[in-house]
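Here the working numbering runs 18 ahead of the position in the sequence shown, where the first position is 1. This report refers to the structure that appears directly beneath it.
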Amino acid sequence: VLLSRAAIRGGADAGRIFGMNYGYLDRIAGFETVDELAGWLSGAMNRFTEQVFRLQDVRNTDVVFKAVNHIRRNYGRRLTLEEGAASIPLSPMYFSRVFKDSTGLNFVAYVNQVRVEAAGRLLLDGELPISDISAMVGFEGQSYFTKEFRQVTGVTPGAYRKNRGRMPADENRRKMAWN
């Protein structure tokens, strides 16, 4: 009973846990020694824990999916980790860890990468000034935009536009979805 309560508090499906409970109560009555019971309890605890972690993986995927959608819809304005966490809702510290574990990037780096991708598309249009593009995609200053753009792509925004999006071959650069 204690294991089932803990598993349900941990987020496991209550119906599944109660179903497991009924089968387990019958088994417990059949043990003749404490050693048999202890061995079985260890396995039962592992099965309850597995139910919690299985659900946690699904939740984390859902959390990251929601966060990525939020970023892609709102990259043109100021975005903070706290806002991203609140939109899920999770604590900023837990959200940050789950997000980085799933995407390989911290929240700010991911937001900046999305902004650079959007800027890359606008730069290839060739009509807007770089300063306008910088503001449109959510960077607070052109120098910070240039620094982040170069860090992600390996070239400045001006060179990217001039070379029509061809970037230098540098295996240390992040893979870009728009290239």
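For glycine and all other residues, C-beta sits at the position ideal for the given N, C-alpha and C.
Out of the options, point me to the one whose CA is closest to residue i's CA.
i, options, result
"Ser120", "Ser149, Ala85, Ala136 and Arg139", "Ala85"
"Arg91", "Phe167, Gly156 and Ile148", "Gly156"
"Ala136", "Gly122, Phe163, Ser114 and Asn124", "Phe163"
"Val170", "Ile151, Gln131, Gly176 and Val52", "Gln131"
"Ala127", "Tyr112, Phe167, Val52 and Gly61", "Phe167"
Does residue i pass the burial test, meaning 16 or more other C-beta atoms within 10 Å, or should it be called exposed?
i, result
"Ala56", "exposed"
"Val173", "buried"
"Gly102", "buried"
"Asp75", "In this predicted model, Asp75 has a pLDDT of only 45, less than 50, meaning its place in the structure is not dependable; the value taken from the coordinates is given anyway. Asp75 is exposed by the Cβ-count criterion."
"Val129", "buried"
"Tyr178", "buried"
"Gly48", "exposed"
To the nearest whole angstrom, what separates the beta carbons of residue i and residue j, a pair I think is in contact under 8 Å?
i, j, result
"Ser109", "Asn124", "At roughly 16 Å, the Cβ-Cβ gap does not stay under 8 Å, so Ser109 and Asn124 are not in contact."
"Val81", "Ile106", "5 Å"
"Leu146", "Arg182", "The pair is not a contact, with the Cβ atoms about 16 Å apart (cut-off 8 Å)."
Which residues mark the beginning and the end of the alpha helix (DSSP H) in which residue i is found?
i, result
"Leu99", "Leu99 to Ala104"
"Arg95", "Segment: none, Arg95 is in no alpha helix (DSSP H) and carries neither H nor E."
"Val170", "Gln160 to Thr171"
"Arg182", "It is not in any alpha helix (DSSP H) - Arg182 carries neither H nor E in the DSSP assignment."
### Secondary structure, alpha helix (DSSP H): runs of 4+ residues fully inside the stretch 109-155
110-121, 125-143 and 148-154
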